[in-house]
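**Student:** Dropping a structure here in structure tokens format, bear with me for questions.
2 protein chains.
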Amino acid sequence: MAATKRAPAGAAVLRGDITAAIRNAVMHELAEVGYGRLSIEAVARRAGVGKTAVYRRWSNKLEMVLEIVSGVAERSVPMPDTGSFESDLQLLTFIVSKALQHRIASQIIPDLMAEAARNPKIAETLNKALSKHQRAVGETIVGQAVARGELPAGTDPEMAVDLMLGPLYWRLAVLRTPIDDDYLEKLSASVTAALRAGSPAQ
Amino acid sequence: MAATKRAPAGAAVLRGDITAAIRNAVMHELAEVGYGRLSIEAVARRAGVGKTAVYRRWSNKLEMVLEIVSGVAERSVPMPDTGSFESDLQLLTFIVSKALQHRIASQIIPDLMAEAARNPKIAETLNKALSKHQRAVGETIVGQAVARGELPAGTDPEMAVDLMLGPLYWRLAVLRTPIDDDYLEKLSASVTAALRAGSPAQ
Chain A
499 MAATKRAPAG AAVLRGDITA AIRNAVMHEL AEVGYGRLSI EAVARRAGVG
549 KTAVYRRWSN KLEMVLEIVS GVAERSVPMP DTGSFESDLQ LLTFIVSKAL
599 QHRIASQIIP DLMAEAARNP KIAETLNKAL SKHQRAVGET IVGQAVARGE
649 LPAGTDPEMA VDLMLGPLYW RLAVLRTPID DDYLEKLSAS VTAALRAGSP
699 AQ
Chain B
499 MAATKRAPAG AAVLRGDITA AIRNAVMHEL AEVGYGRLSI EAVARRAGVG
549 KTAVYRRWSN KLEMVLEIVS GVAERSVPMP DTGSFESDLQ LLTFIVSKAL
599 QHRIASQIIP DLMAEAARNP KIAETLNKAL SKHQRAVGET IVGQAVARGE
649 LPAGTDPEMA VDLMLGPLYW RLAVLRTPID DDYLEKLSAS VTAALRAGSP
699 AQ
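If you want it as structure tokens, here you go:
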């Protein structure tokens with residue numbers, strides 16, 4: 499984060515509380531008006547700062563939105579280590595399902611997806627941010643499970659995450675139907691069974 | 499379809515070729531300019547008909563788009579009956595993955611999802627069209643598999659479809675990364691294993 503970097507000689511120090519206020523304002527503006535109609539001016543007004551405070555941190559709207567949204571997406575999915583693969587999955591599905599149902603996320607995500615369909619730069623940055631984090635989470639929880647002897651060596655971490663994230667995204671962000679704890683439990687059990695049966699020699 | 503209905507006495511007969519031309523024009527306009535900027539005028543012009551030809555079939559833009567897109571979504575997913583559950587899944591995943599990668603679909607879907615996030619009427623109609631068809635496909639292929647003794651009685655058809663559709667949607671419509679036949683085969687095998695392990699006493 500820019501605010502925690504040591505400022506080079508002669509550069510202004512960026513105050514962390516102002517950065518946080520701007521990030522917060524961007525998320526709220528995105529949810530309210532969408533990417534297309536979001537303006538730096540409205541962001542600055544909502545954050546209670548001048549436009550220069552925004553431009554000191556990001557050079558344009560696209561860069562600002564992508565950096566902030568990617569950061570939130572990454573931070574909202576933890577790396578669980580509960581001692582068993584199935585409970586790691588249960589914890590992950592619980593947190594991801596809460597995040598996808600969050601009022602702000604459920605406005606921002608479809609809007610950015612629509613922008614991504616039109617703008618390859620947005621598509622590429624979102625894809626990179628999501629894939630990188632998805633790969634890291636998958637490798638960690640599958641690696642732990644293989645080490646514990648719960649899953650066969652050679653289990654594909656990306657398929658593991660796709661099988662878990664895909665149904666949650668489909669149900670919550672596409673169909674927009676609520677899901678309950680039973681569903682999350684059943685999903686975690688299904689994914690575990692799918693991976694246990696997976697041949698290590700793929 | 500309106501064109502195949504018997505016209506009531508005194509009503510004009512709706513020509514099927516004109517209805518088809520309008521449907522086609524709507525899909526192309528949606529892909530090009532998106533729902534927000536789509537106009538009945540541009541649709542009529544592209545279809546080579548007058549605006550009244552459109553209004554004779556649908557009373558407004560929202561109704562027209564929802565009826566046409568729901569119809570395409572339903573028709574693009576078949577009811578396979580190949581003789582084994584895993585090959586039914588392979589055929590389904592193949593067709594769904596082609597549909598999601600189609601140039602027009604990959605423009606229209608994110609755009610309608612963004613509209614759905616803002617307009618509950620759109621969200622509800624899309625949800626109904628997708629859920630109804632998803633349920634029918636799931637019940638058919640799981641029912642066939644239970645009858646063949648491939649899956650335990652009581653297997654949840656909706657979970658079966660979520661596990662198959664979710665990862666495809668996530669990878670193709672959200673991450674926008676290509677997938678190959680290996681992935682489809684692995685996915686079908688994973689979903690089959692997940693459901694075989696499912697306890698019938700849920």
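Chains as they are written, first to last, in this note's numbering: chain A, 499 to 700; chain B, 499 to 700.
Cβ coordinates follow ideal geometry from the N, Cα and C atoms, glycine included.
In its own chain, which residues sit with a C-beta less than 8 Å from the C-beta of H733(B), not counting the 5 before and 5 after it?
**Tutor:** Outside the displayed span of chain B (499 to 700) sits residue 733(B), for which this structure offers no information.
**Student:** Going along chain A in order, which residues have a C-beta closer than 7 Å to the C-beta of L663(B)?
**Tutor:** The contacting residues are W668.
**Student:** State the start and end residues of the unbroken alpha helix (DSSP H) segment that holds T623(B).
**Tutor:** 618-645
**Student:** Work out the CA separation of F583(A) and E648(A) for me, nearest whole Å.
**Tutor:** 7 Å
**Student:** My guess is that V672(A) and L587(A) are in contact by the Cβ rule of under 8 Å, so how many angstroms apart are they, rounded?
**Tutor:** In fact, because the Cβ distance is near 21 Å, the residues do not count as touching under 8 Å.
**Student:** Under the assumption that A529(A) contacts I606(A) (Cβ atoms under 8 Å), give the Cβ distance between them as a whole number of angstroms.
**Tutor:** 5 Å
**Student:** Using a threshold of 8 Å, state whether the C-beta atoms of V547(B) and A571(B) are closer than that.
**Tutor:** no
**Student:** What are the boundary residues of the alpha helix (DSSP H) that R517(A) is part of?
**Tutor:** What sits at residue 517(A) in the sequence shown is Thr, not Arg. T517(A) -> alpha helix (DSSP H) spans 514-535.
**Student:** What separation, rounded to the nearest whole angstrom, lies between the Cα atoms of N617(B) and D679(B)?
**Tutor:** Looking at the two C-alpha atoms, the distance is approximately 37 Å.
**Student:** So, S604(B) versus A621(A), is the Cβ gap smaller than 8 Å?
**Tutor:** no
**Student:** Report the three-state DSSP secondary structure of R674(A) (helix, strand or coil).
**Tutor:** coil
**Student:** With a Cβ-Cβ cutoff of 8 Å, do A687(B) and L661(B) count as a contact?
**Tutor:** no
**Student:** If G664(A) sits next to Y667(B), beta carbons under 8 Å apart, how far is it from one beta carbon to the other, in whole angstroms?
**Tutor:** 6 Å
**Student:** Show which residues of chain A have a CB atom less than 9 Å away from the CB atom of S595(B).
**Tutor:** In chain order: nothing, as chain A lies at least about 13 Å away.
**Student:** Report yes or no: is there a C-beta of chain B within less than 8 Å of the C-beta of G696(A)?
**Tutor:** yes
**Student:** Please list, in chain order, all residues of the same chain as G532(B) whose beta carbon is under 6 Å from its beta carbon, the five residues on each side excluded.
**Tutor:** D609
**Student:** Does any residue of chain A bring its CB to less than 8 Å from the CB of V531(B)?
**Tutor:** no
**Student:** Short check: CB of I516(B) to CB of A542(B), under 8 Å?
**Tutor:** no
**Student:** Please check if any C-beta of chain A sits within less than 8 Å of the C-beta of N617(B).
**Tutor:** no
**Student:** Look at the Cβ atom of S574(A), then the Cβ atom of A627(A), and state whether they are nearer than 8 Å.
**Tutor:** Taking the C-beta atoms as reference points, A627(A) is found no nearer than 8 Å to S574(A).
**Student:** Report buried or exposed for S537(A), applying the criterion of at least 16 other Cβ atoms within 10 angstroms of its Cβ.
**Tutor:** exposed
**Student:** Out of D579(B), S557(B), R521(B), state which residue places its alpha-carbon closest to the alpha-carbon of R492(B).
**Tutor:** Nothing about residue 492(B) can be reported from this structure: the residues present for chain B run from 499 to 700 only.
**Student:** Take R535(B) as the anchor and find which of E613(B), A643(B), H600(B), P576(B) has the nearest alpha-carbon.
**Tutor:** E613(B)
**Student:** Mind checking M499(B): buried by the 16 CB within 10 Å criterion, or exposed?
**Tutor:** Confidence at M499(B) is low in this model, with a pLDDT of 44, below 50, so its placement is unreliable and no value can be given for it.
**Student:** What does a CB cutoff of less than 8 Å around Q642(A) pick up in its chain, not counting 5 residues either side in sequence?
**Tutor:** D579, F583, D586
**Student:** For R633(B) and V644(B), I'd like the C-alpha separation in whole angstroms.
**Tutor:** 16 Å
**Student:** For R513(A), is the classification buried or exposed, using 16 other Cβ atoms within 10 angstroms of its Cβ as the cut-off for buried?
**Tutor:** exposed
**Student:** Can you tell which of K549(A), L624(A), N625(A), G636(A) has its C-alpha closest to the C-alpha of T591(A)?
**Tutor:** G636(A)
**Student:** Could you give the residue range of the alpha helix (DSSP H) that holds V594(A)?
**Tutor:** The continuous alpha helix (DSSP H) containing V594(A) extends over residues 583-599.
**Student:** Looking at the unbroken alpha helix (DSSP H) that takes in E656(B), where does it start and where does it end?
**Tutor:** For E656(B), the enclosing alpha helix (DSSP H) covers residues 655-667.
**Student:** Let me confirm a value: A505(B) is counted as buried when at least 16 other C-beta atoms fall within 10 Å, else exposed. Which label applies?
**Tutor:** Only weak support is given to the placement of A505(B): the predicted model assigns it a pLDDT of 49, under 50, and the value that follows is read from those uncertain coordinates. Classification of A505(B): exposed, given that the 10 Å Cβ count is below 16.
**Student:** Check whether the Cβ atoms of L670(A) and S595(A) sit closer than 8 Å, and answer yes or no.
**Tutor:** yes
**Student:** For the stretch 647-658 of chain B, which residues have a beta carbon sitting closer than 8 Å to at least one beta carbon of chain A?
**Tutor:** Within the stretch 647-658 of chain B, the residues whose Cβ lies closer than 8 Å to some Cβ of chain A are D654, M657, listed in chain order.
**Student:** Can you pull the chain A neighbours of D609(B), defined as C-beta to C-beta under 8 Å?
**Tutor:** A612, A615
**Student:** How would you label Q700(A), buried or exposed, when you count the other beta carbons within 10 angstroms and need 16 or more for buried?
**Tutor:** Caution is warranted here: a pLDDT of 40 is assigned to Q700(A), below 50, making its placement in the model unreliable, and no coordinate value can be reported.
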